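All residue numbers for the sequence shown refer to numbering that gives the first Met the number 0, where the first residue is 0 and numbers rise by one. Backbone N, C-alpha and C fix where the C-beta goes; we use that ideal spot for every residue, glycine too. Only a predicted model underlies this, so the values are computations on that prediction, with no experimental measurement involved.
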Amino acid sequence: MNSRLGMRRNAAIIFDFDGTVTLGNGPVRAYAQAIQTELLADPAAFAKQVEAALADIDDLQSPYRDGYHAVADLAIAQGIDTAELSRAYLKSRQLLGTEKAPVEMPSQLPALLKAIAPHAWVVLATNAPAEGIEKLLDRWKVGEFFDQISFNTNKPAGLSSLIEELDSQRILAIGDIAENDLAPAAELGAHTLLVTPQHTLDDAFEDIITWARQGE
């Protein structure tokens with residue numbers, strides 16, 4: 000049996016992408032800006048509402064799951080339909096990591112992934128499509144550390160399916176949206192770790208490595 004596949008049976012760590020492996024609101028702003036302004040009832044008000052919502056999300060004081068949820072909800076209130084939202088979203092994902100949709104990498108991400116690789120099967124699971132993600136990971140020189148990448152995962156339900164397919168004895172799920180990234184994992188007995196703008200992967204660096212090394 001391949002040694003990496005054998006490791007999967009022992010332990011797996013599942014990372015979310017947006018807001019976890021990447022930081023910053025650049026892609027969300029690109030999503031909002033990709034919506035055709037002529038279709039908005041009040042473009043200026045929409046832009047202000049988006050910025051206010053993002054500030055509240057960063058301060059953990061928002062009813063929205065994340066920035067994408069906020070933009071979609073605010074746009075619908077301005078008369079935008081789901082077809083336009085889908086078009087704008089896909090356009091924004093194609094800009095991922097460019098100056099029009101900038102993101103930052105947690106500074107210790109490469110060191111973290113290198114440290115856990117000998118101890119756990121490493122998974123990236125995102126609800127986003129593939130556009131722009133692999134290119135960004137390669138540019139950051141971290142793509143090689145992921146044993147498995149799941150696009151269009153359809154979390155939360157899709158995360159449950161992914162965990163059942165992994166069939167690992169120990170699982171740690173890491174993400175910034177509890178209901179999507181953590182709750183399905185917890186229901187299946189996995190450990191979970193919530194990251195926020197104030198507590199990123201850098202802050203959880205030692206805890207994640209300690210978890211990966213347990214049980215050996």
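Are residue i and residue j closer than 9 Å when you measure CB to CB?
| i | j | result |
| --- | --- | --- |
| Leu136 | Ile173 | no |
| Leu165 | Phe16 | no |
| Ala82 | Leu39 | no |
| Asp180 | Lys140 | no |
| Gly18 | Ile176 | yes |
| Leu187 | Ile207 | no |
| Leu22 | Pro105 | yes |
| Phe204 | Gln107 | yes |
| Asp57 | Asn24 | yes |
| Ala76 | Ala211 | no |
| Tyr88 | Ala33 | yes |
Is residue i near the ligand NAP, judged by its Cβ being under 8 Å from some heavy atom?
| i | result |
| --- | --- |
| Asp166 | Looking at this structure, you won't find the ligand NAP or any other ligand, since it has none at all. |
Suppose you measure from the CA of residue i to the CA of residue j; what does that come to, to the nearest Å?
| i | j | result |
| --- | --- | --- |
| Pro109 | Glu130 | 21 Å |
| Ser160 | Thr97 | 32 Å |
| Ile13 | Phe45 | 35 Å |
| Thr191 | Glu37 | 43 Å |
| Arg86 | Leu112 | 33 Å |
| Gly142 | Lys134 | 9 Å |
| Lys90 | Ile79 | 16 Å |
| Phe145 | Asp41 | 43 Å |
| Gln35 | Ser2 | 50 Å |
Quick one: what's got a C-beta closer than 7 Å to residue i's C-beta in the same chain, skipping five residues either side?
| i | result |
| --- | --- |
| Val70 | Val27, Tyr30, Ala31 and Val49 |
| Lys99 | Ala29 |
| Arg7 | Trp120, Leu165 and Ser167 |
| Asn151 | Asn126 and Pro128 |
| Ala11 | Ala119, Trp120, Val122, Leu165, Ser167 and Ile170 |
Hey, residue i and residue j are a contact pair by Cβ (cut 8 Å); roughly how many whole angstroms apart?
| i | j | result |
| --- | --- | --- |
| Ala52 | Tyr63 | 6 Å |
| Ile162 | Ala184 | 6 Å |
| Ile132 | Leu95 | 7 Å |
Can you give me the Cβ contacts of residue i inside the same chain, cut-off strictly under 6 Å, excluding the 5 residues immediately before and after it?
| i | result |
| --- | --- |
| Asn9 | Gln168 |
| Asp55 | Ser61 |
Whole runs of the beta strand (DSSP E) within the region 122-146, excluding any shorter than 3 residues: none
Runs of alpha helix (DSSP H) lying entirely within the region 159-196, each at least 4 residues, in chain order: 182-186
Whole alpha helix (DSSP H) elements within the region 14-74, 4-residue minimum: 25-33 and 42-57
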